[in-house]
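So the protein lines, in turn, are chains U and H.
Using this note's numbering, the first residue of the first sequence is number 15, and each one after it goes up by one.
Using this note's numbering, the first residue of the second sequence is number 46, and each one after it goes up by one.
Ideal placement from N, C-alpha and C gives every residue a C-beta, glycine not left out.
Just below is one structure, and these are the notes that go with it.
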Amino acid sequence: MSVENTQPQVGDDTQQKQVTLKIWRGDASGGKFVDYTLDYLDGEVVLDAVHRVQSEQAPDLGVRWNCKAGKCGSCSSEINGKPSLMCMTRMSTLDLEEPITVSPMRTFPIIKDLVTDVSFNFEVAKKIPALQPKPREKDGTYRMSQIDIDRGQEFRKCIECFLCQNVCHVIRDHEENKPNFAGPRFLMRIAELEMHPLDTLDRRRYAFDVMGVGYCNITKCCTEVCPEHIHITDNAIIPLKERVVDVRFDPVAWLGRTILRRPKPTSSEEVIKLTPAGRSANTPS
Amino acid sequence: MDTIETHNFDVLIIGAGGAGLRAAVEAHALGAKTAIVCKSLLGKAHTVMAEGGVAAALGNVWPEDNWKVHFRDTMRGGKMLNNWRMAQLHAQEAPDRVMELEDWGALFDRTPDGRILQRDFGGHRYARLAHVGDRTGLELLRTLQHRSVDQNVEVFMECKIFRLLQDENGNVNGALGLWRENGKFVAFGAKSVVICSGGVGKIWKITSNSWESTADGQALALWAGADLIDMEFVQFHPTGMVWPPSARGLLVTEGVRGDGGVLKNKEGERFMFNYIPPFYAKETADTTEEGDQWYENKKDFRRPPELLPRDEVARAINSEIKAGRGSPHGGVYLDICSRRSPEDIKRRLPSMYHQFKELADVDITKEPMEIGPTCHYIMGGIKVDADTAATSVPGLFAAGEAAGGMHGSNRLGGNSLSDLLVFGKRAGEYAARYAMEQAKEPQINMSLVSDHTKKALSTFERENGITPYQLHHELQDTMQPLVGIIRTESELLEAKEKLAVLKEKLQQVAVEGNRQFNPGWHMALDLESMFDVAMCTTASAVERKESRGGHTRNDYPQSDPEYFGKINMVTSRGDDGNINLRQEPLPEMPGELKVLFEEGK
């Protein structure tokens, strides 16, 4: 029995509602938006609708997804121009009278359809100096207070959807900045390591010289799009900027304040040993 | 044929979930030239979906806990069908595997004195699960990801491996894959290969698993001549979302129950008290009063039945729904809102709060969740040697969900993350050792490569065939009702016949478009794996004429300790391509471990 021909049941006062998705189709050589009209189903998210298009109308439609629960960060795209996870955007929250546009993230090169080349992020990740933990306690454990790791845990909620990277205007419209700017996700990673209670390495100069924390002018676009609601700007980048200012511009004040703060048992000499490649092999043991 | 891209490594690891990354870290540390190849981007593997925690007898919350108690819980949870040696190694080594994650940056929730906090979970005698709120899997995966990247392990992303390569003696010496991005083929030569490709959930319709869980690793091993074991044991997690339809099957962590959540039917009754099996009666509370007191005082009170092992809870929920006492969308209620304060819920279960709020518009601090069983995990898998993770095929190793034996007929929550750490490390270690013993470099058999690539492209040449999505739906529509939670001989035989017919349709699958990032084509290749593995599960399920753990037979409702309790079902592929099944005696536990069960403690 064909579903389209089913009469609405008694009590229904509407015909089967239809929605139109305008999905960007194409590859590196170019492309265009293509309209797909389908039945509106209650409770669906945009990814479901895209999957139905794929399963019924366009089997070769390229789209990344994995967990479908907002936990893996694979299905990042721009929905009606807003950087979002397709799996966490309910259709019912959108204006269904108008076509819904679904386009790939703009900051990264297109591979095909909604799939972009996000290798930039994986390259930046390789440059981050690894955790250098202090020795364990005599009983073989590490002791950390919950309050000292709350902030780090907030940052570690990051699902690496790269929406913050996508929306950050330092790189969104400025390809030339990419070699010098790590983007919010990785500035946050540096901040996480900086605040890690076990870490013994000082990454402040590195954050400025290599990761380009100075480029950020705290417009908070990254925070706005973060599906995990991490306070990227307020809790990670601004504190990182403050720490960097300490080490870069005012060594005397830095020294004084460091003595009053929780000590970071590293000297600036060790910091400078870090090469731009920043691999753990180059760091003091 | 075109020239094909090739790479050579000592150790090639298929899969970048927890097991694969842990194996890679180990193999690399031993000096083997190591690479990981994964179907998705790095850091997206299904391990991120693990919520509640990683089980390890650290004894941080209950000093009474130790590996022997963990071992006993694991064996009892698996209804004694576990490979005892795997369960022993797992319980003994899990604490070290968890602790070393802290060296690499993991931030577990803390006890007041600053050690790793542990939480309660079903089937574990003591609070044993190290955790990070309800996103432990993400923490574990990210930690191992950072460690691999820091160590310069080579990672090939978005590459699907669809055949293992073997030399003239049948030894595995590489793998053949395709880049999802451009559809081109790539051959990896490797002295040893480790399969860490996870599960099989996409064979069923209602599942917590992502698109990646298409039984690839199990099938690769099967096709290379390895044995699969216990494939009838599939875990249906008791608590998956049931509404909205698109979220159906999505996991709701057992941590909800560990933290005080209770199951109710539409009449508001805490029905689990009606389903306490004799096997667990001694250690389970039989009144709500006693169960509620257990959360605060574990010494004097017994645990509530909501925290029975998963197979028991899933069956109970299934029975309530069948008896007409279910919720409006065909589930039952999981209630935490009447049990804990909103602040507590948000702090301890943040991603559950988030998931229900955003996907179902349900505020779990104010209303109960609607949940029902969802296909979650396969206890069965590639048959491996307990100590070395070696399969029966030289050069081939397996760990994590892809491997079988460790969990017996039912896995306890929290034991999968510890499993993949313990056996990921072992697989990496022994694969590296094996590789270093091999004198000559792997020679890729180009004619084999040519045959397989030609076959992989055949779906593009067909016209007017069926789409891979259609056939996938037909597979799921067969397995869900006929080889689901509750099974019976006639339905299993019907499934067997249907699978044979559907498998023929693989020859009619036609793929549209070109080779560039074409999900339809990838699905067509995934289907080959899913069909053969579905057949292994079905064949084993027919043969096991008893109920045990993740295998419940309506026609044989009791377990049979005398016969089937001492038997493993082993499936393999015959020369004719058909699935063969044989029964093998369960390895017998040594006396010093048997004692742990006789004491009744």
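Listed along chain U are Gly-57, Val-59, Ala-83, Gly-84, Cys-101, Met-102 and Arg-104, each with a C-beta nearer than 9 Å to that of Leu-404 (chain H). Put simply, the backbone Cα of Asp-432 (chain H) is about 14 Å away from that of Leu-465 (chain H). Around the beta carbon of Ser-386 (chain H), fewer than 16 other beta carbons lie within 10 angstroms, which makes this residue exposed. It is roughly 7 Å from the alpha-carbon of Lys-140 (chain U) to the alpha-carbon of Asp-195 (chain H). In this chain, the alpha helix (DSSP H) harbouring Asn-135 (chain U) covers 133-140.
Remark: C-beta atoms of Ala-359 (chain H) and Pro-283 (chain H) approach each other more closely than 8 Å.
The beta carbon of Ala-69 (chain H) is closer than 6 Å to those of Ile-58, Thr-79, Ile-81, Ser-193 and Val-198 in its chain, skipping five residues each way along the sequence.
Scanning its chain for C-beta atoms nearer than 7 Å, with the 5 sequence neighbours on each side dropped, one finds around Lys-411 (chain H) the residues Cys-382, in chain order. The three-state reading of DSSP puts Met-568 (chain H) in helix, counting H, G and I together. Closest option to Ile-49 (chain H), judged by alpha-carbon separation, among H:Asp-621, H:Thr-498 and H:Gln-525: H:Thr-498.
Inter-residue distance for Gly-122 (chain H) and Leu-457 (chain H) is about 6 Å (C-alpha atoms, whole angstroms). If you check each beta-carbon in the region 501-518 of chain H against every beta-carbon of chain U, the ones closer than 7 Å belong to Thr-512 and Tyr-514. Scanning its chain for C-beta atoms nearer than 8 Å, with the 5 sequence neighbours on each side dropped, one finds around Val-554 (chain H) the residues Thr-504, Arg-507, Gly-510, Ile-511, Thr-512, Pro-513, Leu-516, Ala-569 and Leu-572, in chain order.
Around the CB of Tyr-479 (chain H), 16 or more other CB atoms lie within 10 Å, so the residue is classed as buried. Among the residues facing chain H, Arg-39 (chain U) is not included, as its CB has no counterpart in that chain under 8 Å away.
Our two residues, Val-297 (chain H) and Cys-172 (chain U), have alpha carbons roughly 20 Å apart in a direct line.
Taking the Cα of Gly-425 (chain H) as reference, the smallest distance to any Cα among H:Gly-417, H:Ser-535, H:Asn-105 and H:Ser-461 is reached at H:Ser-461. For Ser-492 (chain H), the enclosing alpha helix (DSSP H) has its first and last residue at 491-506. Cβ neighbours of Val-615 (chain H) within its own chain (closer than 8 Å, five residues either side excluded): Asp-272, Leu-273, Ile-274, Lys-428, Leu-626, Arg-627, Gln-628 and Glu-629.
Those residues of the region 531-552 of chain H placed with their C-beta closer than 8 Å to a C-beta in chain U do not exist. Annotation: Pro-439 (chain H) has no Cβ neighbours in chain U at a cutoff of 9 Å; minimum Cβ distance is about 33 Å. Relative to Thr-583 (chain H), the option among H:Pro-157, H:Phe-278 and H:Ala-172 whose CA is nearest is H:Phe-278. Residue pairing for Val-56 (chain H): DSSP places it in a beta bridge opposite H:Thr-79 and H:Ser-237.
Closer than 8 Å to the CB of Asn-111 (chain H) there is not a single CB belonging to chain U.
About 5 Å separates the CB atoms of Val-33 (chain U) and Leu-110 (chain U); that is less than 8 Å, so the two are in contact.
The DSSP assignment places complete alpha helix (DSSP H) segments of no fewer than 4 residues inside the region 563-626 of chain H at 564-588, in order along the chain. In the DSSP assignment, the residues bridged to Tyr-378 (chain H) are H:Lys-309 and H:Glu-415. Contact of Val-132 (chain U) with chain H by beta-carbon distance below 8 Å involves Leu-86. Phe-281 (chain H) is bridged by DSSP to H:Cys-420.
Distance from the Cα of Ile-416 (chain H) is smallest, within the candidate group H:Pro-289, H:Leu-551, H:Ser-396 and H:Gln-211, for H:Pro-289.
Under DSSP, Phe-230 (chain H) forms a beta bridge with H:Leu-223. A Cβ-Cβ contact shorter than 8 Å links Lys-192 (chain U) with Phe-134 (chain U). When CB distances to chain U are screened at a threshold of 7 Å, the residues of the region 90-115 of chain H falling below it are Val-93 and Met-94, in chain order.
Among the residues of chain H, those whose CB is under 7 Å from the CB of Leu-145 (chain U) are Trp-149 and Gly-150, following chain order.
The Cβ-Cβ distance between Asn-455 (chain H) and Lys-113 (chain H) does not fall below 8 Å. For Leu-35 (chain U), the pairing in a beta bridge is given by DSSP as U:Tyr-50 and U:Ile-114.
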